[in-house]
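If you're matching positions, the sequence shown starts at 13 in my numbering and goes up one per residue. Here a beta-carbon is modelled for each residue, glycine too, at the ideal position from N, C-alpha and C.
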Amino acid sequence: MDYKRLRLGSFITNTYIIEDMESGTAIIIDPADSHEKIEKVLDGLVPKIILLTHGHSDHMYEIQYFREKYGSEVYAHSLEAPYFENEDFRNPAQVPVEEREYVCDKTVSDGDIIEFGPYKLQVIHTPGHTPGSVCYYCEAEKVLFSGDTLFCGSIGRTDFPLSNPSVMKDSVLRLMKLSDEVRLESGHGFSSTIGKERASNPFVQAFNAGIDL
């Protein structure tokens, strides 16, 4: 899979660009600040689709810019609607940001397949960090874009408004059903693999032992 990662904004959010050079188009996963840096990496590719793993502003800060300039369509889970409507939910850290329009064009559900060029991305609903948190999994390429559900050595926070620690365990363990060689590309931090997290992530080990958060 041809994709690139950028680390953007004050929370060092990982933004991913999946490229289809044949069609001259791209997918952006979680367009964080700033659009100038994202466009530089796009290098002329047109971002047709924006996939959101969840509705926190550090993951969708630039969606208005790409919707207006390129007509990019924003995809998110329907349970993320409160984050599009309420600044207190999408910006729980109360970081000063300029006012922007946040719009979801299409909703996704667990099991949906998003086809883009030669790739098929499966939606995996992983609530916990937010009610509508999702991961995007390309089975053929063995790549999982996990948002803020699972990190290298950690998991997403569950102390924000609308977070739910009681379901995070199930979401993380569901990802552990994937094979060891699946590459993990998370919303913050560094790349990993499912096998590495299964073996060394302390939260995964605690969940496997039946310990809750």
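Within the same chain, Cβ atoms closer than 6 Å to the Cβ of I61 are found at I39 and E85, the five residues on either side in sequence being excluded. A direct Cα-to-Cα measurement between I206 and R195 gives close to 7 Å. Where N26 is concerned, the enclosing beta strand (DSSP E) starts and stops at T25 to D32. Secondary structure at P59: strand, using DSSP grouped into helix, strand and coil. Beyond the five residues adjoining it in sequence on each side, G168 comes within less than 7 Å, by CB distance, of G140, H141, D160 and T161 in the same chain, given in chain order. A direct Cα-to-Cα measurement between A218 and Y82 gives close to 44 Å. For G159, the three-state secondary structure derived from DSSP is strand. About 13 Å separates the beta carbon of G67 from that of A44, a gap too long to meet the 8 Å contact definition. In this chain, the alpha helix (DSSP H) harbouring F78 covers I75 to Y82.
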